[in-house]
Amino acid sequence: MTLFEMSLSSIAIVLTVIVIRALFLHKLPKKIFLILWGIVLCRLFLPFSIHSEYSIYALMNYVALYVGQTNAMQEQLIISKPGSFAEANINSVISNFPILSVASFNWIEIIWFVGAMISAFAFLIPHIRFCHDNKMAIPLKDEKISTWIAEHHIKRQVQVKQSENINIPVTYGILMPIILLPKSMKHLDEEQLRFVLVHEMIHIKHFDVLLKWIFFVVVSVHWFNPFVWIMYVLANRDIELCCDETVLRTTGGEFSKTSYAMTLISLEEHKLKVNPIGNYFSRNPIEERIVSIMKTKKNTVLTVLMAFIVIAATLASFSTVSADEENSLTNNATVVAKKVPNYSINEQGQTYGPLPYFENEQVKEPDLIRMEGENGVIGYIKATDMSPSVSSPEEAIAYQESVKATGGYISIPLYESDGKTIISQFRMYLNYSIPD
Numbered sequence: 000m001t002l003f004e005m006s007l008s009s010i011a012i013v014l015t016v017i018v019i020r021a022l023f024l025h026k027l028p029k030k031i032f033l034i035l036w037g038i039v040l041c042r043l044f045l046p047f048s049i050h051s052e053y054s055i056y057a058l059m060n061y062v063a064l065y066v067g068q069t070n071a072m073q074e075q076l077i078i079s080k081p082g083s084f085a086e087a088n089i090n091s092v093i094s095n096f097p098i099l100s101v102a103s104f105n106w107i108e109i110i111w112f113v114g115a116m117i118s119a120f121a122f123l124i125p126h127i128r129f130c131h132d133n134k135m136a137i138p139l140k141d142e143k144i145s146t147w148i149a150e151h152h153i154k155r156q157v158q159v160k161q162s163e164n165i166n167i168p169v170t171y172g173i174l175m176p177i178i179l180l181p182k183s184m185k186h187l188d189e190e191q192l193r194f195v196l197v198h199e200m201i202h203i204k205h206f207d208v209l210l211k212w213i214f215f216v217v218v219s220v221h222w223f224n225p226f227v228w229i230m231y232v233l234a235n236r237d238i239e240l241c242c243d244e245t246v247l248r249t250t251g252g253e254f255s256k257t258s259y260a261m262t263l264i265s266l267e268e269h270k271l272k273v274n275p276i277g278n279y280f281s282r283n284p285i286e287e288r289i290v291s292i293m294k295t296k297k298n299t300v301l302t303v304l305m306a307f308i309v310i311a312a313t314l315a316s317f318s319t320v321s322a323d324e325e326n327s328l329t330n331n332a333t334v335v336a337k338k339v340p341n342y343s344i345n346e347q348g349q350t351y352g353p354l355p356y357f358e359n360e361q362v363k364e365p366d367l368i369r370m371e372g373e374n375g376v377i378g379y380i381k382a383t384d385m386s387p388s389v390s391s392p393e394e395a396i397a398y399q400e401s402v403k404a405t406g407g408y409i410s411i412p413l414y415e416s417d418g419k420t421i422i423s424q425f426r427m428y429l430n431y432s433i434p435d
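Using numbering that gives the first Met the number 0, read the sequence shown as starting at 0 and increasing by one per residue.
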């Protein structure tokens, strides 16, 4: 599966998660939405899928097979008429042969690489600048904070620092996480400071910074897919919502929802420069977070069951067809392909017509293949001329020299449908370079 196919196949999953999110955002545990985004990440990262007979892709395959059969029947009717011009796209027909190519490099790959680099730098430059600006942050030496961190039993070394370059708390770093607090936090009371520390510690426990790095890589690779960018925005929101929910649930009734929400509002008034790969206490859309906080409830058997059903249904719906089903579809397509070629025959007993549109080894091309020659002349080239016979090293060298002399192509006679009358020449470009 190519990168484009992986990206294209993810669109339906992203749309499904968006719909599920809109319907059940305040009804299901927030971690469920991160699991759903994880399914999307697997689709974008992995070139293979889980097999299922109840996949939406199975339905798409059946539709594609039906359309293919319909097109095949129409193509057969066109080919069966002698002298008719069945030219869907000459260039796409030529591309079926590996030897035919206009250029020796792929512009699409170059464009993708440039876009990926631009996207990556758009994330990395602010992050590097942020780390540089705060590398001199002062470690916060407070016995209460040190004791509080020790109580959370984090195996990684967690540092709490203060910086005058920020206005709201932020956590960054994976192996050695740092909770960075503003140097001036006079607007926060002791309870609000505790909210902040618990919130940031939950981010560290959940490895949310690592998760954001994964999303960053996916967006950089699939930068051309707008639905991946939508996923990135919503997934970052859900990371914060999940953290808020975890804070309230793990602390029980110790933290007041109202007080926690008021802390968000207080910190929303203080912004800082964007670091796309960090976890901020209040950078997420404030209204959505406050509504989510106020609607946070304990998990019930029903919500857990709903969550399981949503995940299972999503996995089943967007896995691929089973291996047996895939073979069955392939065999059906093969049967259609076998029946399609119905070429016209000239007086010499040669078949002539366009190349078959089915990429199947059992479909034989005609003896005379319809092509567009020089000056737009339409005619036929002999299939045997496309693979010249070379029986000795001398002939191979002569063949290479002739191609080199023309600038990378060879001229093939273009015939009438009788296979005898030459009406023009067809240039066949080679996709390999000729050695000097």
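The beta carbon of each residue, even a glycine, is placed where N, CA and C say it ideally should be.
Note that the structure is a prediction, hence the values are computed from the model and not measured.
Cβ pair residue i, residue j closer than 8 Å
{"i": "Leu180", "j": "Gln161", "result": "yes"}
{"i": "Asp366", "j": "Leu33", "result": "no"}
{"i": "Lys204", "j": "Ile153", "result": "yes"}
{"i": "Glu415", "j": "Gly378", "result": "yes"}
{"i": "Leu139", "j": "Arg155", "result": "no"}
{"i": "His221", "j": "Ser6", "result": "yes"}
{"i": "Pro168", "j": "Val195", "result": "yes"}
{"i": "Val227", "j": "Val217", "result": "yes"}
Length of the line joining the Cα atoms of residue i and residue j
{"i": "Glu74", "j": "Met385", "result": "Unreliable placement is indicated for Glu74, whose pLDDT of 43 sits below 50; no coordinate value is reported for it."}
{"i": "Ile411", "j": "Gly375", "result": "15 Å"}
{"i": "Phe223", "j": "Glu239", "result": "26 Å"}
{"i": "Ile177", "j": "Tyr171", "result": "6 Å"}
{"i": "Arg282", "j": "Glu142", "result": "Confidence is the limiting factor: at Arg282 the pLDDT is only 49, short of 50, which leaves the residue's position unreliable and the question unanswerable from this model."}
{"i": "Thr1", "j": "Pro125", "result": "31 Å"}
{"i": "Phe120", "j": "Glu150", "result": "38 Å"}
{"i": "Phe112", "j": "Lys256", "result": "47 Å"}
{"i": "Met305", "j": "Ile12", "result": "18 Å"}
{"i": "Pro28", "j": "Val309", "result": "12 Å"}
{"i": "Asp207", "j": "Ile213", "result": "10 Å"}
{"i": "Gln399", "j": "Ile380", "result": "21 Å"}
{"i": "Val157", "j": "Ile148", "result": "8 Å"}
{"i": "Met261", "j": "Gly114", "result": "41 Å"}
{"i": "Cys242", "j": "Ile201", "result": "6 Å"}
{"i": "Thr420", "j": "Thr383", "result": "16 Å"}
{"i": "Val300", "j": "Phe307", "result": "11 Å"}
{"i": "Ser103", "j": "Arg20", "result": "A caution first: Ser103 carries a pLDDT of 42, below 50, which makes its placement in the model too unreliable to give a value."}
{"i": "Ala311", "j": "Thr302", "result": "14 Å"}
{"i": "Leu22", "j": "Leu35", "result": "14 Å"}
{"i": "Pro392", "j": "Leu413", "result": "28 Å"}
{"i": "Glu364", "j": "Asn105", "result": "27 Å"}
{"i": "Asp132", "j": "Leu266", "result": "21 Å"}
{"i": "Leu354", "j": "Ile368", "result": "6 Å"}
{"i": "Ala404", "j": "Ala397", "result": "11 Å"}
{"i": "Ser183", "j": "Arg128", "result": "21 Å"}
{"i": "Ser219", "j": "Ser118", "result": "5 Å"}
{"i": "Thr350", "j": "Ile409", "result": "24 Å"}
{"i": "Gly407", "j": "Ile109", "result": "22 Å"}
{"i": "Glu199", "j": "Ile137", "result": "18 Å"}
{"i": "His25", "j": "Ile107", "result": "42 Å"}
{"i": "Ser100", "j": "Lys211", "result": "The predicted model places Ser100 with a pLDDT of 41, which falls under 50 and marks its position as unreliable; any figure quoted below should be read in that light. If I take the Cα positions, the gap works out to 41 Å."}
{"i": "Val402", "j": "Glu394", "result": "12 Å"}
{"i": "Leu43", "j": "Ile285", "result": "30 Å"}
{"i": "Gly82", "j": "Tyr428", "result": "Below a pLDDT of 50, predicted positions are generally treated as unreliable, and Gly82, at 37, falls in that range; no measurement from the model is reported."}
{"i": "Leu263", "j": "Tyr231", "result": "22 Å"}
{"i": "Val159", "j": "Leu209", "result": "19 Å"}
{"i": "Glu4", "j": "Lys30", "result": "28 Å"}
{"i": "Glu189", "j": "Arg288", "result": "22 Å"}
{"i": "Lys296", "j": "Tyr259", "result": "15 Å"}
Residue interval of the alpha helix (DSSP H) (run including residue i)
{"i": "Ser6", "result": "Leu2 to Phe23"}
{"i": "Gly114", "result": "Trp106 to Asp132"}
{"i": "Ser436", "result": "Given that the chain is displayed from residue 0 to residue 435, the structure contains no residue 436 and the question cannot be resolved."}
{"i": "Gln399", "result": "Pro392 to Thr405"}
{"i": "Leu43", "result": "Lys29 to Phe44"}
{"i": "Ile165", "result": "Unbroken run through Ile165: none, as it is neither H nor E."}
{"i": "Ser145", "result": "Glu142 to Glu150"}
Beta carbon proximity, residue i to chain B, threshold 8 Å
{"i": "Gly372", "result": "Among the chains of the structure shown, chain B does not appear; only one protein chain is present."}
The beta strand (DSSP E) enclosing residue i, as first and last residue numbers
{"i": "Thr250", "result": "Careful: Thr250 lies outside any beta strand (DSSP E) and carries neither H nor E."}
{"i": "Glu452", "result": "The structure shown has nothing for residue 452, since the chain only spans 0 to 435."}
{"i": "Gln161", "result": "Gln158 to Ser162"}
{"i": "Lys381", "result": "Ile377 to Lys381"}
{"i": "Arg426", "result": "Ile421 to Tyr428"}
{"i": "Thr350", "result": "Thr350 to Gly352"}
{"i": "Pro181", "result": "Ile177 to Pro181"}
In chain order, each beta strand (DSSP E) run of at least 3 residues that lies wholly inside the stretch 198 to 237: none
Does the structure place the stretch 409 to 429 close enough to the stretch 366 to 375 that three or more beta carbon pairs sit under 8 Å? Result yes; three or more Cβ-Cβ pairs closer than 8 Å.
Okay, do the stretch 34 to 47 and the stretch 12 to 22 touch, 3+ Cβ pairs below 8 Å being the bar? yes
Is it true that the stretch 291 to 302 meets the stretch 241 to 260, where meeting means three or more beta-carbon pairs spaced less than 8 Å apart? yes
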